[in-house]
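Data block below; observations after.
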Amino acid sequence: MNEVRLSGVTVAYPVSIDARQRSGFATAAQIFSFGKISRDNNGAQYVVALKNLNLQVSSGQRVGLIGRNGSGKSTLLKTVAGIVPPRSGQRSVSGTVGCVLSLGAGMDGEKSGIDNMRMIARLHGLSGDELKRAVEDAAEFTELGPYLNMPVRTYSAGMIARLCFAIATAKRSEVLLIDEVIGAGDAHFIQKAGQRILDLAQQSNILMLASHSYSILKDYCNEIIWMDSGVVRMRGDVDEVWNAYIATLS
Amino acid sequence: MFALREILAALLSVRIWWPIAVDDVISRYRRTTLGPAWLILAQVAWIAGIYLLHSRVLGGQSEDYLSYLAAGLAVWSLLNGITSDSPVALIRAKGYIDSYPLPIAVHLIRSIAGSFVTFAHLLVVFFGVMLVQRHMPSITMLAAIPGLMIIAVYGLGVELFLASLGARFRDVGPAVGSAMNLLFILTPIFWVPTPEQAASPLLRFNPFFHLLEVVRAPLMGSWSTPEHWILAIASALTALVVGSAVYVRMRATIVYWL
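Protein chains in written order, with my numbering: chain W, 1361 to 1610; chain Z, 351 to 608.
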């Protein structure tokens, strides 16, 4: 049984701090004395992205995340993925995690499309036969044909988007986290992409999908969480929460 | 503890970090004609310059000086490469860290592996010099392998230490660069210390001297002294312990500072 559990999780990003506020020596003293020697940090500013959040998602739940920009949806996904460790609280996730969070990180324009896909697949944690199969599957999905052997810098934006999307969605995992990624592409590709996400979602046990689109949420999710300023404002049936959210926007 | 388990998980993910490290080195040479040969040529130029300086200007050196230089410069480039790259290792990997849930220590190991690959290139120069001087390789050279393992342990420790600090305090990078410049002069790389000099505090308490010796001496055909081995191992273990402690303490917030 797969599960995602966050208890009392707080995630706060520090705003760039003026060098004088915290000298290296003062911090070294604090680290080596395990916190005993320290001076109060005056005026250090933080952007609190998640505030004392409690969340539990079990197998079979497909949760949509909605909310205004800056409400904490992406941070929540990154925290569940393990990319952002919480400042306080506990995170526990059982099951393999796959994330489709940002496309194109790690892409090298000088390398060919297929080489880039291999590298990105590796960064996703794939290796050996699984990697070979995933790359072949993604290569076929892109429909880029002979372009796959050319350097990515010769690609158009749409082609790059197809490449990134294909390899990002090549890994099967038990817990799937998706952050509003469809990106550029023609109508044919958008339809294919939608189907691929659906297939991927059906092969996973837990889905968490951030989106601004009602139709996507309705198709893929069986409940919605509405994030507002770092806390869960409402959680429940897709239509109910969506309508409540829309009501506040107007 | 999560952070320690993460370091272990990163070490074990060879199938991830090794191909990326090799790719890092290959990427540097894409679209160049000579590729990795440039590294070697640069080293040869260095060695030729210093050798000419000594033989033509400063008054001769022993027969072994050329291979001493080649070995010393190769090992120093390994130590310097790892140490100087550490402060920026995580910063440079920010794109990867923000997008993929890999144990972030993978990027540190990738940095170390990259330095070892460069070292392998420079070792070619050393063997080239051996060939030119018609020295026979001896079985004692294999003793360089444990020496390199000690350097790898040191590397992991210093990466954990400097990468964690370097992510938060951006002065660490330039400071380390300056320190390594100083140590390049103070460490016997292009000068051979007499036993008395080797016993002086300036050399004895220079961990790089010992880390250098445990690889250079075997390459030159000798086992080096027990003191060098003991101090090299001690330096490596200290680096690992201190590095792990700092990393564990700072892990939760490193990502925020990148």
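Think of the CB as a built atom: it goes at the ideal place given N, C-alpha and C, for glycine as much as any other residue.
C-beta atoms of residue i and residue j nearer than 8 Å
i                       : j                       : result
residue 1461 of chain W : residue 1439 of chain W : no
residue 574 of chain Z  : residue 564 of chain Z  : yes
residue 472 of chain Z  : residue 427 of chain Z  : yes
residue 1537 of chain W : residue 1426 of chain W : no
residue 530 of chain Z  : residue 434 of chain Z  : yes
residue 1509 of chain W : residue 1472 of chain W : yes
residue 453 of chain Z  : residue 516 of chain Z  : no
residue 556 of chain Z  : residue 537 of chain Z  : yes
residue 464 of chain Z  : residue 526 of chain Z  : no
residue 474 of chain Z  : residue 390 of chain Z  : yes
residue 1611 of chain W : residue 1520 of chain W : Here chain W covers residues 1361 to 1610 and nothing more, so residue 1611 of chain W does not appear.
residue 558 of chain Z  : residue 429 of chain Z  : yes
residue 483 of chain Z  : residue 417 of chain Z  : yes
residue 1423 of chain W : residue 1567 of chain W : yes
residue 1535 of chain W : residue 1362 of chain W : yes
residue 1459 of chain W : residue 451 of chain Z  : yes
residue 1533 of chain W : residue 1575 of chain W : no
Secondary structure of residue i, DSSP reduced to three states
i                       : result
residue 1585 of chain W : strand
residue 508 of chain Z  : helix
residue 1422 of chain W : strand
residue 1405 of chain W : coil
residue 603 of chain Z  : helix
residue 1449 of chain W : strand
residue 1373 of chain W : strand
residue 482 of chain Z  : helix
residue 1531 of chain W : coil
residue 1327 of chain W : There is simply no residue 1327 of chain W to check, as chain W begins at 1361 and stops at 1610 in what is shown.
residue 443 of chain Z  : coil
residue 491 of chain Z  : helix
residue 1506 of chain W : helix
residue 1413 of chain W : strand
residue 1381 of chain W : Per-residue confidence for residue 1381 of chain W stands at a pLDDT of 49, beneath the threshold of 50, marking its modelled position as unreliable; the derived number appears in the next sentence. In this structure, residue 1381 of chain W counts as helix in the three-state DSSP scheme.
residue 1363 of chain W : strand
residue 400 of chain Z  : helix
residue 1444 of chain W : coil
residue 1595 of chain W : strand
residue 527 of chain Z  : helix
residue 1316 of chain W : For chain W, the structure presents residues 1361 to 1610; residue 1316 of chain W sits outside this window and is missing.
residue 454 of chain Z  : coil
residue 361 of chain Z  : helix
C-alpha gap between residue i and residue j, whole angstroms
i                       : j                       : result
residue 1478 of chain W : residue 440 of chain Z  : 22 Å
residue 479 of chain Z  : residue 542 of chain Z  : 18 Å
residue 554 of chain Z  : residue 590 of chain Z  : 20 Å
residue 583 of chain Z  : residue 501 of chain Z  : 9 Å
residue 1456 of chain W : residue 458 of chain Z  : 23 Å
residue 1572 of chain W : residue 1486 of chain W : 30 Å
residue 498 of chain Z  : residue 488 of chain Z  : 17 Å
residue 366 of chain Z  : residue 1482 of chain W : 6 Å
residue 372 of chain Z  : residue 1588 of chain W : 44 Å
residue 461 of chain Z  : residue 432 of chain Z  : 7 Å
residue 1562 of chain W : residue 1529 of chain W : 13 Å
residue 1610 of chain W : residue 1531 of chain W : 39 Å
residue 1398 of chain W : residue 1366 of chain W : No answer about residue 1398 of chain W holds up, because its pLDDT of 43 lies below 50 and its placement is not dependable.
residue 1474 of chain W : residue 1419 of chain W : 34 Å
residue 1608 of chain W : residue 508 of chain Z  : 52 Å
residue 485 of chain Z  : residue 1494 of chain W : 50 Å
residue 1522 of chain W : residue 383 of chain Z  : 32 Å
Cβ distance (whole Å) where residue i is taken to contact residue j below 8 Å
i                       : j                       : result
residue 1527 of chain W : residue 1498 of chain W : 5 Å
residue 506 of chain Z  : residue 445 of chain Z  : In fact, because the Cβ distance is near 23 Å, the residues do not count as touching under 8 Å.
residue 518 of chain Z  : residue 396 of chain Z  : Not really, about 35 Å apart at Cβ, beyond 8 Å.
residue 566 of chain Z  : residue 425 of chain Z  : 5 Å
residue 568 of chain Z  : residue 494 of chain Z  : 4 Å
residue 455 of chain Z  : residue 356 of chain Z  : 6 Å
residue 381 of chain Z  : residue 1470 of chain W : 7 Å
Sequence-distant residues of its chain with Cβ nearer than 8 Å to residue i (five each side left out)
i                       : result
residue 1370 of chain W : 1408, 1410, 1411, 1412, 1413, 1446, 1447, 1448 and 1449
residue 1368 of chain W : 1412, 1413, 1414, 1448, 1449 and 1450
residue 549 of chain Z  : none
Same chain, Cβ closer than 6 Å to residue i, neighbours up to 5 away in sequence not counted
i                       : result
residue 1400 of chain W : The predicted position of residue 1400 of chain W is uncertain, since its pLDDT is 44 and thus under 50; a value taken from the coordinates is nonetheless stated next. Closer than 6 Å at the Cβ level, and outside the excluded window around residue 1400 of chain W, lies no residue.
residue 1434 of chain W : 1539
residue 1405 of chain W : 1375
residue 443 of chain Z  : 457
residue 581 of chain Z  : 560
residue 1592 of chain W : 1585
residue 523 of chain Z  : 437, 438 and 516
residue 609 of chain Z  : Beyond the ends of chain Z as shown, which are 351 and 608, falls residue 609 of chain Z; an answer cannot be given.
residue 1491 of chain W : 1481
residue 521 of chain Z  : none
7 Å CB neighbourhood of residue i in its chain, flanking five on each side removed
i                       : result
residue 1594 of chain W : 1586, 1601 and 1604
residue 1396 of chain W : Residue confidence for residue 1396 of chain W is low, a pLDDT of 44 falling below 50, so the modelled location carries little weight; the figure read from the coordinates is stated next. Cβ neighbours of residue 1396 of chain W beyond the five flanking positions: none.
Residue i CB to nearest heavy atom of the ligand PLP below 7 Å
i                      : result
residue 399 of chain Z : By its list of ligands, the structure shown contains no ligand whatsoever, and the ligand PLP lies outside what it can speak to.
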